[in-house]
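Numbering of the sequence shown is given in our numbering, commencing with residue 123 and proceeding in unit increments. For reference, the structure discussed in these notes is given below.
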Amino acid sequence: MAAVRVRQHVNPLSYKYQTKVEALDWAEIYQNPHQSLHIDIGCAKGHFINQMAALQPDWNFLGLEIRAPLVDYAQQQRDRAGLTNLHFLFCNANASLAELLQTLPPDTLQQVSIQFPDPWFKKRHQKRRVVQPELVQALASFLPTGGRVILQSDVEEVAREMCDRFAENVAFQRTEPDWLATSPFPAQTDREELTLGKGLPVFRAIFIKQ
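Spelled out as structure tokens, the structure:
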């Protein structure tokens with residue numbers, strides 16, 4: 123399959139990305155819709171959760187991505203692998219997450235990952251970063267007690283800001299005060315593979331819903 127080409131960054135505050143997703147039929151998406159669900163926010167080409175879905179067939183996985191061509195590519199890769207516990211959705215998580223979570227079967231959402239999000243280094247662009255208080259509150263409202271949020275970035279400033287946003291919400295408790303030395307997952311994102319391959323650090327943290 124030819125490599126998919128797409129803009130590396132899109133502005134999530136643009137009007138065209140504010141349309142909310144329509145309600146999903148979870149029984150149509152997953153062979154077993156009542157399995158535990160892991161949502162990967164900003165999944166890009168789906169490299170990470172394609173691996174996860176293959177390794178953990180007793181979980182369902184949902185990748186959310188704001189760049190539509192990447193969603194199409196990821197769905198094609200899923201279909202080639204024949205995975206029935208994996209789905210990808212084109213959406214802006216900051217515009218649609220709460221509405222999406224409202225339709226889930228009760229207590230299925232158990233885990234959320236936000237990995238290597240666009241850093242938006244310029245100060246005037248930092249409001250475009252994915253982890254905003256509204257997104258954290260949506261997860262606080264729908265994750266059950268004991269549900270996990272896993273954060274990873276190769277940019278320490280971005281990792282710290284993500285942690286600050288979750289720490290500000292009383293529903294979440296960080297598991298360790300320092301960065302985690304290893305990933306909690308048996309799979310890696312393509313960005314993680316590239317970063318570690320260069321011998322550079324990855325900044326990781328886990329928050330638990332109280």
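Glycine is no exception: its CB is placed at the ideal position from the N, C-alpha and C atoms. Keep in mind it's a predicted model, so treat the numbers as computed, not measured.
A contact between stretches requires three or more CB pairs, one per stretch, nearer than 8 Å, and the region 182-201 meets this requirement with the region 155-163.
Proximity to A215 across Q232, L208, Q259, T230 peaks at Q259, based on C-alpha coordinates. Under a 10 Å Cβ-count criterion, V292 is classified as exposed, with fewer than 16 other Cβ atoms of the shown protein chains found around its own Cβ. Its Cα nearest to that of Q178, the residue L205 stands out among P191, G168, Q199, L205. From the listed residues E150, L146, I236, the smallest Cα separation to F170 is found for I236. About 15 Å separates the beta carbons of R296 and A303, which is beyond the 8 Å limit, so they are not a contact pair.
Here A260 carries a helix assignment [DSSP, helix/strand/coil].
Counted as a single uninterrupted DSSP element, the beta strand (DSSP E) harbouring L273 occupies residues 270-275.
Fewer than three beta-carbon pairs drawn from the region 216-229 and the region 274-286 are found closer than 8 Å, and the two stretches are therefore not classed as touching. Note: G185 is bridge-paired with D162, F210 in the DSSP secondary-structure output. In this structure, the beta-carbon distance from M284 to V253 falls below 9 Å. Counted as a single uninterrupted DSSP element, the beta strand (DSSP E) harbouring L231 occupies residues 231-237. R326 and A281 have their C-alpha atoms spaced approximately 7 Å apart. Distances from the CA of L192 to each of N172, G168, P155, L261 were compared; the closest alpha carbon is that of G168. Note on K320: under 16 other CB atoms within 10 angstroms of its CB, so exposed under the neighbour-count rule. The distance from the Cβ of N207 to that of A175 is about 5 Å, consistent with a contact at the 8 Å cut-off. From the listed residues Q310, I328, K331, the smallest Cα separation to Q173 is found for Q310. The beta carbon of P266 is closer than 6 Å to those of D229 in its chain, skipping five residues each way along the sequence. For F329, the uninterrupted beta strand (DSSP E) run begins and ends at 325-331, by DSSP. Rounded to the nearest whole angstrom, the C-alpha separation of A190 and P299 is 37 Å.
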